[in-house]
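Colleague: By full-length UniProt numbering, the letter at position 131 of the sequence shown is numbered 131, and the numbering carries on one by one without gaps. Encoded as structure tokens, here's the structure I'll be asking about.
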Amino acid sequence: MPAKNLVIVESPAKAKTIEKYLGSNYKVVASLGHIRDLPKSQMGIDIDNHYEPRYISIRGKGDVIKDLKKNAKKAQHIYLAADPDREGEAIAWHVNHILGLDEHEKNRVVFNEITKDAVKNAFKTPRSIDMNLVDAQQARRILDRLVGYSISPLLWKKVKKGLSAGRVQSVALKLIIDRENEINAFEPQEYWSIDASFKKGRGKAFAGSFYGIDGKKHALPNNDAVVKVMDRVDKTKPFDVTSVVKKERKRYPAPPFTTSSLQQEANRKLGFPARKTMMLAQQLYEGINLGGRQGTQGLITYMRTDSTRVSNVAKTETSQFIHEEYGEPYAAVKIRQGKLQEGAQDAHEAIRPTSTNRTPAKMKEVLDRDQMRLYQLIWSRFVASEMTPAVMDTVAVKIEQNGVQFRANGSNTKFAGFTKLYVSSRDNEGDDKELPALAEGDKLTMAKSDPAQHFTQPPARYSEANLVKALEENGVGRPSTYAPTIETLKKRYYVKVTARRFEPTELGTIVNDLIVKFFPDIVDIKFTAKVESELDGIENGENDWVPVVDSFYKPFAKELASAEIGMAKVQLKDEPAGFNCDICGAPMVIKMGRYGKFYACSRFPDCRNTKAIVKEIGVICPKCHKGQIVERKSKRNRIFYGCDRYPDCDFVSWDKPIGRDCPVDHHFLVEKKSKAGIQVVCPNGDYKEAIQK
């Protein structure tokens, strides 16, 4: 007997999970994402007819559409259960159109978590498709298409094929390049510090730092200033403790994750790119097979959210868990709600576990390593957010002699509170710093003084976490767009990743300069943020989408016409490689490709000889004993080491060989890097050498 009800979701994993909850009267199938979109081969927007989009069925989705129509004919009721956001609403709308359903029919079902109760409750209150959400997604898609399909062909014509530009992408690239320009223009300034250690009687020494003279803060711009200060100090005489101020300080937990804060913290703590974080979060949301009676369960709530709001049910369950696991003093009485980011929609709850009782320890057997690490991060952050603050005892001491003042600060944890479970990457871990018992009037001796020269440092390049934070703070794009934006910058070779930081390439700088010159509004942060705000207004029913698109496109079209005339063709000059082609004898040159620079014959296309640019590490191949070991990069930009005689020799290693053999089994030794330092190890056994900082 066929199922009476058909439910359409986006992914097979999600379909599998919720079909188990709904029972035999429901059949759940997947559309595999969007089934209609703008055509790839052309703009697909009728600019003269109110920006009417021309949607077509996506190539390769013919069989999916056929199956959806076949199943729809057999069903008495059809429900559209795509994700609860703009994109999900648009997918539901497109499926609705393909199946010829009534646009006003109450067939849209949304749930924030894939659990049995949440899914069953959602089916009790279906609604009609929210056209405000659809129009907001449609307007964003049209704006991005107008920008991308207008500027990209211009860049192909004026620079090289395969380039692209976009509203959020271009702003992100400009942020990276502006930071690089700041670094290049930075002029270091000299300054000095004086650290000292003091003792009270025969007690343990403690550290203090120079503060000022005669009660006023005093800068130390050079060594002469240090000498003048130290000339006033008599190390043979005692120092006076002139002030001891003791305080109790509370440190509050961070709120549970939003999409953006999850991407940032997973990057800082786990080293995950935003794309990987979102992929793993999607898996945890859609469902994991827990085995036995539990079956497949969604482990976290929906992972695209800008809200820190938490349901009362989740708060109650978590409070009970904290009482049982840690005790009443650790359970927060009054729950703090995190401050919403300006422009946040607050449409969904924060990212949290669907059940606090599913601890990471219980999930260890059913999750792979990366899923487990992300789940533990989400679970710990959420539970900690419902715990009491940490309480710190702090003490600030002023130490003086002859008007020269040093200061010492100490702190120790009086009550761990939420830090018993979770410490944010932004918190100062290892915060405790004990001072001896001191009182006003105590006499101290200076055991040691250590003047040190320093230079101010330029701002750091953006890490992925910092870039996501900068985009969010400036109101550019939305958290769901950050991962694909960053991937595009890397894919186009506009940036490269050096020591987990973004460094602009020559190509990225050229593209940025052209867009800044000819399309200033596209890379203007305030303008882009204003457009985002207007898109949000469409979702809220405050704006119509056509006037929003029109107000953007009309001035953009003028800039485009001007650029067509004024943008000169850029010649990307090939650098001489310094050696000749081993096939035809012509000089080799260094060319810019999709994945970076490479060697190519100057007679291209008549001679198509190319070679990868590799870096020798000065080690003979331990396998063939003939070739040199060279540093290479995988397609995912990860460094590995191989023999330069490949394919004749297939030696490869993720870790750097060092040219020495293990004294135990004579296998080659490698360097392994960690936060603690570099360690030489034998990959074939237990031999290890001391870690070098």
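Glycine included, C-beta positions come from ideal geometry on N, C-alpha and C.
In terms of DSSP beta bridges, what is A396 paired with?
Modeller: V245 and N409
Colleague: Could you compute how far the alpha carbon of Y687 sits from the alpha carbon of G578?
Modeller: Straight through space, the alpha carbons of G578 and Y687 are spaced by roughly 43 Å.
Colleague: Grab the span of the alpha helix (DSSP H) containing S449 for me, first residue to last.
Modeller: First-last for S449: K443 to F455, but that is the beta strand (DSSP E), not the alpha helix (DSSP H).
Colleague: With V64 and I35 assumed to form a contact (beta carbons below 8 Å), what rounded beta-carbon distance in angstroms separates them?
Modeller: 6 Å
Colleague: Shorter than 8 Å from the beta carbon of S634 to some beta carbon of chain D?
Modeller: The displayed structure is made up of one protein chain only, and chain D is not part of it.
Colleague: If I follow the unbroken beta strand (DSSP E) through A577, where does it start and stop?
Modeller: E575 to N580
Colleague: Pick from A447, V391 and E440: whose alpha carbon is nearest that of K420?
Modeller: V391
Colleague: What's the gap between the Cα of K623 and the Cα of R373?
Modeller: 36 Å
Colleague: Does DSSP classify K530 as helix, strand or coil?
Modeller: helix
Colleague: Identify every run of the beta strand (DSSP E) within the region 622 to 668, keeping only runs that are complete inside it and at least 3 residues long; order them along the chain.
Modeller: 628 to 633, 639 to 643 and 656 to 661
Colleague: Alpha carbon to alpha carbon, how far is L220 from V233?
Modeller: Their Cα atoms are separated by approximately 15 Å.
Colleague: Give the secondary structure of A344 by DSSP, where H, G and I count as helix, E and B as strand, and everything else as coil.
Modeller: Residue confidence is low: A344 scores 45 on pLDDT, short of 50, so the model does not pin down where it sits. No coordinate-derived value is stated.
Colleague: When we look at the beta-carbon of L572 and count the other beta-carbons within 10 Å, is it buried (16 or more) or exposed?
Modeller: L572 should be labelled exposed.
Colleague: What is the C-beta distance between L438 and V244, in whole angstroms, given that I count them as a contact (C-beta under 8 Å)?
Modeller: About 5 Å; that satisfies the 8 Å criterion.
Colleague: Note the first and the last residue of the continuous alpha helix (DSSP H) segment covering T498.
Modeller: Careful: T498 lies outside any alpha helix (DSSP H), inside the beta strand (DSSP E) at V495 to T498.
Colleague: Assuming L38 and Y553 make a contact with CB atoms under 8 Å, what is their CB distance in whole Å?
Modeller: With a Cβ gap of about 15 Å, L38 and Y553 do not count as contacting.
Colleague: For K469, which residues of its own chain have a beta-carbon under 7 Å away from its beta-carbon, when the five flanking residues on both sides are left out?
Modeller: Q264
Colleague: Beta-carbon within less than 7 Å of L280's beta-carbon, same chain only, minus the 5 sequence neighbours each way: which residues are those?
Modeller: D370, Q371 and L374
Colleague: Does DSSP put M387 in a helix, a strand or coil?
Modeller: DSSP, reduced to helix, strand and coil, places M387 within a strand of the structure shown.
Colleague: Rounded to the nearest angstrom, what separates G88 and A82 at their Cα positions?
Modeller: If I take the Cα positions, the gap works out to 5 Å.
Colleague: What separation, rounded to the nearest whole angstrom, lies between the Cα atoms of F556 and D582?
Modeller: 50 Å
Colleague: Please work out which residues of its chain come closer than 7 Å, Cβ to Cβ, to I58, disregarding the five sequence neighbours upstream and downstream, and give them in chain order.
Modeller: H34, I35, R36 and D37
Colleague: According to DSSP, is E30 part of a helix, a strand, or is it coil?
Modeller: A small correction: the amino acid at residue 30 is Ala; Glu does not occupy that position in the sequence shown. Three-state result, A30: strand.
Colleague: Determine the closest residue to S463 out of I114, E105, L175 and H97, with distance taken between C-alpha atoms.
Modeller: L175
Colleague: Looking only at its chain, what residues have a beta carbon closer than 6 Å to the beta carbon of K414, apart from the 5 residues adjacent to it on each side?
Modeller: V391 and D393
Colleague: Going by CA-CA distance only, name the one from N357, V95 and G23 that's closest to residue 767.
Modeller: Because the chain here runs from 1 to 693, residue 767 falls outside it and cannot be looked at.
Colleague: Taking C-beta to C-beta, are P504 and E180 nearer than 8 Å?
Modeller: yes
Colleague: Any chance you could list the beta strand (DSSP E) runs of at least 3 consecutive residues sitting entirely within the UniProt domain "Toprim" (4 to 114), in chain order?
Modeller: 5 to 9, 26 to 30 and 77 to 80
Colleague: In the DSSP assignment, what are the bridge partners of M592?
Modeller: K597
Colleague: Measure the alpha-carbon distance for I177 versus L467 and round it to whole angstroms.
Modeller: 12 Å
Colleague: Count the other CB atoms within 10 Å of the CB of residue 707; is the residue buried (16 or more) or exposed (fewer)?
Modeller: Nothing in the structure corresponds to residue 707, since the chain is present only between 1 and 693.
Colleague: Are the CB atoms of P84 and D306 nearer to each other than 8 Å?
Modeller: Contact flag unset, no.
Colleague: Let's test the definition: count the other Cβ atoms within 10 Å of the Cβ of L507 and tell me whether it reaches 16, buried, or not, exposed.
Modeller: buried
Colleague: Can you give the Cα-Cα distance for P683 and K16, rounded to whole angstroms?
Modeller: 41 Å
Colleague: Bridge partners for E616 per DSSP, in chain order?
Modeller: V630
Colleague: Does DSSP put P547 in a helix, a strand or coil?
Modeller: helix
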